[in-house]
Amino acid sequence: MGLEFVSDFVFRISDLNFQVLMKTTINKLSECVGQEAELSGWVYHSRHSGKVAFIVLRDGTGLCQCVIEKGKVADDVFEQLIRLGQESSLVIAGVVRAEPRSPGGYELAVTAAQIICPTQDYPITPKEHGTEFLMKNRHLHLRSQRPWCIGRIRHTVIDAIRRFFNDNGFTLVDTPIFTAAAGEGEQTLFEVDYFGKPMFLSQTGQLYLECAAMSFGKVYCFGPTFRAEKSKTRRHLTEFWMVEPEVAYIDLAGLLELAENFVSGIVRRVLKDNRAELEALGADIATLEKIAPPFYRLTYTEAAQILTSERTVKFMAGQLETFKMQKTAIEKQIGDIEAAEKAGGLKQWQKDKNTKLLIDLRAELAELEIKIENNPRHAQLAAEFKWGKDLGGSDETIISLMHDKPVFVTHYPRAAKAFYMKTDRGNRKVVENFDLLASQGFGEIIGGSVREDDYQSLLDRIGEEGYKPEDYAWYLDLRKYGSVPHGGFGLGVERTVAWITGERHIRQCIAFPRMMDNVCI
RNA sequence: UCCCCGAUAGCUCAAUUGGUAGAGCGGGCGGCUGUUAACCGCCAGGUCGUAGGUUCGAGCCCUACUCGGGGAGCCA
4 MGLEFVSDFV FRISDLNFQV LMKTTINKLS ECVGQEAELS GWVYHSRHSG
54 KVAFIVLRDG TGLCQCVIEK GKVADDVFEQ LIRLGQESSL VIAGVVRAEP
104 RSPGGYELAV TAAQIICPTQ DYPITPKEHG TEFLMKNRHL HLRSQRPWCI
154 GRIRHTVIDA IRRFFNDNGF TLVDTPIFTA AAGEGEQTLF EVDYFGKPMF
204 LSQTGQLYLE CAAMSFGKVY CFGPTFRAEK SKTRRHLTEF WMVEPEVAYI
254 DLAGLLELAE NFVSGIVRRV LKDNRAELEA LGADIATLEK IAPPFYRLTY
304 TEAAQILTSE RTVKFMAGQL ETFKMQKTAI EKQIGDIEAA EKAGGLKQWQ
354 KDKNTKLLID LRAELAELEI KIENNPRHAQ LAAEFKWGKD LGGSDETIIS
404 LMHDKPVFVT HYPRAAKAFY MKTDRGNRKV VENFDLLASQ GFGEIIGGSV
454 REDDYQSLLD RIGEEGYKPE DYAWYLDLRK YGSVPHGGFG LGVERTVAWI
504 TGERHIRQCI AFPRMMDNVC I
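Under the working numbering, the residues of the first sequence are numbered 4 to 524, in order.
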């Protein structure tokens with residue numbers, strides 16, 4: 004829409020001494036108190052009562068209340084401004100002053116404004132919306148506060164990741180996204196037609212990174228990852244972002260140390276740069292503040308012992324008891340509200356509040372019912388856990404719920420893990436690998452290992468898996484020419500953001516999510 | 001791949017046992033000098049997901065389909 008469309012609404016900024024104004028952004032208003040400043044943004048919401056109107060402006064850096072008083076601006080300006088719908092775009096100028104009642108702590112006493120694009124009927128209102136509606140309107144939903152807060156935190160997480168590796172002597176190596184099929188896990192790869200030949204979208208850069216580590220010593224790659232698994236859960240995307248460091252001359256203890264410093268550093272940066280966003284999202288800041296090395300370290304065997312122990316039986320029973328008590332409490336709350344509604348005599352605003360409350364309570368109740376339903380199955384799965392199986396999602400959840408900081412689980416059975424992981428020197432049945440389970444039941448955010456650096460052992464493992472050695476010729480070469488102990492890990496960005504923000508669904512942690520059954524826009 | 005739930009106004013949801021489809025928000029108009037998801041009054045807004053069936057009568061019951069949500073499994 005060009006300016007022609009809105010020409011009726013435009014009044015010239017140049018007529019109003021705009022040349023003396025400072026162009027600024029909402030996050031810098033504290034530097035402009037007492038001065039006239041100009042902001043460019045969108046109407047987040049607005050109200051007016053008689054001779055005073057309030058526009059809460061959104062400019063991408065924050066929210067600011069703009070006060071328009073009749074008499075202090077021209078009457079026709081006032082009339083035009085109070086008619087602006089949500090998400091109308093405008094340039095607005097006024098005197099900056101501190102005001103605790105404004106969202107960001109500062110407000111603008113408006114002296115002039117230029118309407119860029121007036122808007123009516125913006126689909127996303129300040130009220131409740133369902134997931135389907137918001138995902139179909141994801142192009143607009145990104146402007147709302149919650150996606151904005153999560154997007155800002157995601158940005159910090161990614162910046163912290165890059166900074167951590169760049170400051171610690173790592174070289175960035177971009178690994179390919181088109182990859183040839185190489186035995187492993189083909190059913191989970193997306194196939195593409197590459198000039199008539201099948202190629203696959205990358206699900207890890209690791210094998211390529213190992214080559215690069217032998218050149219640069221410490222390397223990392225950071226890019227999109229594609230998994231064609233038919234997993235329809237809140238923890239899965241088909242396209243997600245993963246960062247993978249790989250280090251020459253490192254052992255398992257070194258990797259764990261690297262990983263815990265890395266994750267702690269990310270959390271610290273978010274706490275420093277995005278405290279307001281964390282608060283707005285209702286994240287568990289107290290728990291995040293405890294995230295610091297050392298993390299807990301368990302071997303797989305110890306984890307298996309915990310899962311089959313009396314402790315887990317009691318823990319699961321305790322959880323079930325808690326869930327049931329919470330359920331009873333919520334049911335009572337719902338009953339009370341319904342009784343009050345039936346009794347009548349409520350003001351409209353009280354009814355509104357109750358309606359909203361009931362929606363929340365019923366959602367919470369549904370969540371609890373699922374937990375109550377799943378608890379016995381998960382308890383049974385844990386109790387029947389046999390050494391040799393991979394840890395299931397519910398097993399990881401149980402272990403992580405028992406700890407207030409992230410937990411490393413190391414030394415998984417060799418048979419349950421990938422061929423390239425190094426067999427443990429002391430125990431031939433396990434590999435030198437680790438998963439990092441985020442606290443509070445968020446599950447795995449990192450998986451990594453020391454790599455098999457011995458030529459013959461790697462060749463044997465490739466044979467055991469039924470792969471063809473010729474498919475791995477270049478990978479085997481790394482073990483022929485100056486092989487060294489080395490290893491690395493991969494961290495899922497969206498899972499990390501979900502864990503830090505307390506967001507229960509991973510799809511909210513990427514701008515345009517791709518899931519098995521749904522690709523938003 | 002399997003299981004459960006849902007689809008009613010632009011949005012979020014009601015509608016008793018099968019008996020004339022309702023509220024809030026959003027939109028429009030009017031009122032209010034500091035509001036914070038403001039408030040008060042009025043107005044407009046519907047082929048109840050689609051197709052069949054049962055019935056005097058279906059938003060409600062039955063069958064199939066479509067779309068969405070949640071869970072299991074599998075995985076990171």
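Idealized CB from N, CA, C, for every residue including glycine.
(request) Taking only the alpha-carbon atoms, compute the straight-line gap between C523 and E194 and give it to the nearest angstrom. (result) The alpha-carbon atoms of C523 and E194 are separated by roughly 22 Å.
(message) What does the alpha-carbon distance come out to for the pair C35 and C224?
(response) 42 Å
(request) From the DSSP output, in three-state form, read off C523 for me. (result) coil
(request) Identify the continuous beta strand (DSSP E) that holds W45 and give its terminal residues. (result) E39 to S52
(request) Within the same chain, show all residues whose beta-carbon is closer than 7 Å to that of S17, passing over the 5 residues directly before and after it, in chain order. (result) Note that S17 scores 42 on pLDDT, short of 50, meaning its location in the model is unreliable; the coordinates nonetheless yield the value given after this. The answer is none, since no qualifying residue turns up.
(message) Does G65 come out as helix, strand or coil in the three-state DSSP assignment?
(response) Reduced to three states, the DSSP call for G65 is coil.
(message) Buried or exposed for Q83, going by 16 or more other Cβ atoms inside 10 Å?
(response) buried
(request) Evaluate contact between the region 328-342 and the region 295-303, counting only Cβ atoms and requiring at least three cross-stretch pairs below 8 Å. (result) Contact fails: fewer than three Cβ-Cβ distances are below 8 Å.
(message) Here's the rule: buried if 16 or more other CB atoms are within 10 angstroms of the residue's CB, otherwise exposed. What is M518?
(response) buried
(message) Less than 7 Å between the beta carbons of S403 and L440, yes or no?
(response) yes
(request) Compute the Euclidean distance between the alpha carbons of T241 and T400, then round it to the nearest angstrom. (result) So the alpha carbons of these two residues sit roughly 22 Å apart.
(request) Evaluate N169 with the Cβ neighbour count: other Cβ atoms within 10 Å of its Cβ, from every protein chain shown; 16 or more gives buried, anything less gives exposed. (result) Flag for N169 reads exposed.
(message) With a threshold of 8 Å, are at least 3 pairs of Cβ atoms found where one atom belongs to the region 480-498 and the other to the region 250-266?
(response) yes
(message) Looking at the secondary structure, which residues open and close the beta strand (DSSP E) in which L494 lies?
(response) H489 to G495
(message) Tell me which residue opens and which closes the alpha helix (DSSP H) that E305 is part of.
(response) Where E305 is concerned, the enclosing alpha helix (DSSP H) stretches over Y303 to L310.
(request) Would you tell me roughly how many angstroms separate the C-alpha atoms of I465 and L384, rounded to the nearest one? (result) Rounded to whole angstroms, the separation of the alpha carbons of L384 and I465 is 31 Å.
(request) Give me the Cα-Cα distance between S105 and R61, rounded to the nearest whole angstrom. (result) Counting only the Cα atoms, R61 lies some 12 Å from S105.
(message) Let me check one thing: in DSSP terms, what residues is N436 bridge-paired to?
(response) S452
(request) Decide if Q89 is buried, meaning its Cβ has at least 16 other Cβ atoms within 10 Å, or exposed. (result) Here Q89 is buried. Its C-beta has 16 or more other C-beta atoms within 10 Å.
(request) Kindly indicate which residue of K330, Y109, H132 and I309 has the alpha-carbon position closest to the one of V412. (result) I309
(request) For M25, count neighbouring C-beta atoms within 10 Å of its own C-beta (all shown protein chains included) and say buried if the count is 16 or more, exposed if not. (result) Flag for M25 reads exposed.
(request) Could you spell out where the alpha helix (DSSP H) holding I269 opens and where it closes? (result) L255 to D276
(message) So, does the region 166-181 touch the region 210-226, judging by three or more C-beta pairs under 8 Å?
(response) yes
(request) In angstroms with no decimal places, state the Cα-to-Cα distance between Q511 and E497. (result) 9 Å
(request) Excluding the 5 residues preceding and the 5 following H508 in the sequence, name in chain order all residues of the same chain whose CB lies nearer than 6 Å to its CB. (result) R237
(request) Compute the Euclidean distance between the alpha carbons of V76 and V70, then round it to the nearest angstrom. (result) 11 Å
(request) Tell me whether the beta-carbon of L66 lies closer than 7 Å to the beta-carbon of V59. (result) yes
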